[in-house]
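Novice: Sending over a structure as structure tokens; questions will come in a sec.
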Amino acid sequence: MTVALAFCISVGAQQASAPWDLLLKGGHVIDPRNNMDARMDVAIQGGKIVRVAETLPATLTKRVVNVHGLYVTPGLIDIHAHVYAGTGLRAYTGDLSVYPDGFSYRTGVTTLVDAGTAGWRNFADFRQRVIDRAKTRVLAFVNIVADGMSPYGENDPDSMQPPEAARVAREHADVVVGFKTAHYAGPGWYSIDRVVEAGNLARLPVMVDFGYLVGERTLKELLEVKLRPGDIYTHMYSPYRTELLPSGELNPAMRRGRERGVLFDVGHGGGSFYYFVAAPAIAQGFLPDTISTDLHIGSMNRGMKDLPNVMSKMLNMGMPLTHVIDAVTSKAALSIQRPQLGHLGEGAEADLTVLRLEQGDFGFLDSAGARLDGRQRLTAELTIHAGEVMWDLNGLAATTWTEFNYQMRPEPTAPAKPTRPTQPPAPNQPPAATQPPAPNQGTAPNQSTPRQP
Ligand SMILES: [Zn+2]
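Take a look at the structure:
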């Protein structure tokens, strides 16, 4: 009895001395994995979710963020993006990709999944160049083609090597979630058979962009025979592979594929989302499992824009809000076999998105440039990754400037001297780790001499 009492007191004292870092107060939490769809407070400490409850005391936290009237969801997961930027190539493995941090947090996204931009041969370069430098969590499908979406195309059967792709998946198991084939225009089932073989070797799902219908390749055989349960059919509302029959009826293969466990992903992109396909498909009850952007330079400045915009389209076409959130959180996480992501259970990493659902007159463009008029639009107000505020559109987590405690940097003790490496870094090697001194800050010369890479 005495021991139990002493334990209670010690836990109580610990709570009082270690307050939460952040408390999101008064928001409407939608967390489909935990069947939560109600007004709830969320407490964050040490980068983790520590409490979710109807009312949590503001006295136990260092910072309170008032999110009344807003939706609080797990950090959004975009399972189809292209982020292999910075190679200098004029291809998706280069200029047509975007850097993750420039497009993730500002759109509510905490996890971006690259959809096969890099192949098994250049995956290590993609990793060191982008994945390991991004703050955003970047995961990836490995392209079954050696050089991925390079200037050389994705049609060479000799470069589709399942054992090599599986080896890369093993070596980078912490970031690889599966394999991808796309844009295949050659004959036969070669790209599909090879990518599924890699999936079997590594026990991972595959994502399929079904490319061009050539010869005997049919959607029926792909969805009813070739793909396995858990494999992902992306670009589901494209018209290019008989997804919608000339009669306006959804291809029955789509429904049979779903019955077999194949997952269907939006993958909007620059040329893969059309209302004349999506509207009848949705009217016939065929909603997506996952909503994704197919983010790249060619889609973000056109109809696609960003993930909340694609989510808004689905909402305005009749998909319930909780299903929309499910498709970019819990279901997205499960489709890439990362069940630890996409939910707000206590102990989970504190990835959260605060969304505003605006009512008004809005227009949404598809890949052809046709407009859907809608009355609802989702925008990302606040994005938190591992407990840290990464995006705050209206300064919800901030203090008003008149009460803000400005900490001015100290005066410099020595004149600032810009420094440069004495030798440029060798090609294909990362630059020297030394950072240039911040402006107006003194740095002793011997400390800023660059080390050789
Ligand atoms: Zn894509």
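Going by the numbering used here, the sequence shown opens with residue 4, and the numbers climb by one from there.
Where is the CB? At the ideal position from N, CA and C, for every residue including glycine.
Beta strand (DSSP E) containing proline 283: first to last residue?
Specialist: No beta strand (DSSP E) contains proline 283, which is instead part of the alpha helix (DSSP H) from 278 to 286.
Novice: Using DSSP bridges, identify the partner residues of aspartate 268.
Specialist: Beta-bridge pairing by DSSP links aspartate 268 to Thr293.
Novice: What's the gap between the Cα of valine 101 and the Cα of serine 162?
Specialist: 25 Å
Novice: Please enumerate, following chain order, all residues with a beta carbon closer than 5 Å to at least one heavy atom belonging to ligand 1.
Specialist: Spelled out in chain order, the answer is Ala118, Asp297.
Novice: Could you spell out where the beta strand (DSSP E) holding lysine 28 opens and where it closes?
Specialist: 25 to 34
Novice: Which residues in the same chain as proline 160 place their Cβ atom closer than 8 Å to its Cβ, once the five residues preceding and following it in sequence are excluded?
Specialist: Here the set comprises Gly189, Tyr193, Ser194, Arg197.
Novice: For threonine 58, I'd like the list of residues in its chain whose CB is within less than 8 Å of its CB, leaving aside the five on either flank, ordered along the chain.
Specialist: Asp44
Novice: With H, G and I counted as helix, E and B as strand and the rest as coil, what does DSSP make of proline 434?
Specialist: Because proline 434 carries a pLDDT of 48, less than 50, the predicted location of this residue cannot be relied on, and no value is offered for it.
Novice: Using alpha carbons as the reference points, say which of Lys138, Lys334, Gly151, Asn319 lies closest to phenylalanine 365.
Specialist: Put simply, of Lys138, Lys334, Gly151, Asn319 the residue whose alpha carbon is nearest the alpha carbon of phenylalanine 365 is Asn319.
Novice: Could you tell me whether the Cβ atoms of alanine 127 and valine 145 are closer together than 8 Å?
Specialist: no
Novice: On the CB-based measure, 16 or more other CB atoms within 10 Å of its CB, does methionine 527 come out buried or exposed?
Specialist: No answer is possible for residue 527: it lies beyond the span of the chain, which begins at 4 and ends at 456.
Novice: For valine 179 and threonine 356, what's the separation of their Cα atoms in angstroms?
Specialist: 24 Å
Novice: Would you decide whether glutamate 352 is buried or exposed? Buried here means 16 or more other CB atoms lie within 10 Å of its CB.
Specialist: A buried status is given to glutamate 352, since no fewer than 16 other beta-carbon atoms sit within 10 Å of its beta-carbon.
Novice: Hey, could you find the ends of the alpha helix (DSSP H) lysine 316 is sitting in?
Specialist: 310 to 319
Novice: Which residues does DSSP list as the beta-bridge partners of asparagine 158?
Specialist: Asparagine 158 is not bridged to any residue.
Novice: Closest to aspartate 292 by C-alpha separation, out of Ala118, Asp329, Pro311, Gly49, would be which residue?
Specialist: Asp329
Novice: Can you round the beta-carbon distance between isoleucine 300 and valine 269 to whole angstroms, since I take them to be within the 8 Å contact cut?
Specialist: Contact doesn't hold; Cβ gap of about 19 Å is too wide.
Novice: Return the chain-ordered list of same chain residues with a C-beta closer than 6 Å to the C-beta of leucine 48, the five sequence neighbours on each side being excluded.
Specialist: According to the sequence provided, residue 48 is glutamine. The question's leucine does not apply to it. Taking C-beta separations shorter than 6 Å and ignoring five residues to either side along the sequence, the partners of glutamine 48 in its chain run Trp23, Asp24, following chain order.
Novice: With DSSP as the reference, identify every bridge partner of glycine 122, one or two as the case may be.
Specialist: Asn146
Novice: I'd like the list of long-range same chain contacts for methionine 39, defined as Cβ closer than 6 Å, with 5 residues on each side in sequence excluded.
Specialist: Val32
Novice: Using a Cβ-Cβ cut-off of 7 Å (strictly less than) and excluding sequence neighbours within five positions of glycine 111, which residues of its own chain qualify?
Specialist: Leu79, Leu310, Pro311, Thr356, Leu358, Ala383, Thr386
Novice: For the stretch 333 to 394, which segments carrying the beta strand (DSSP E) assignment without a break, of at least 3 residues, lie completely within its bounds, in sequence order?
Specialist: 355 to 368, 374 to 388
Novice: Please identify the residue among Tyr240, Gln287, Asp234, Met239 whose C-alpha is closest to the C-alpha of glycine 264.
Specialist: Asp234
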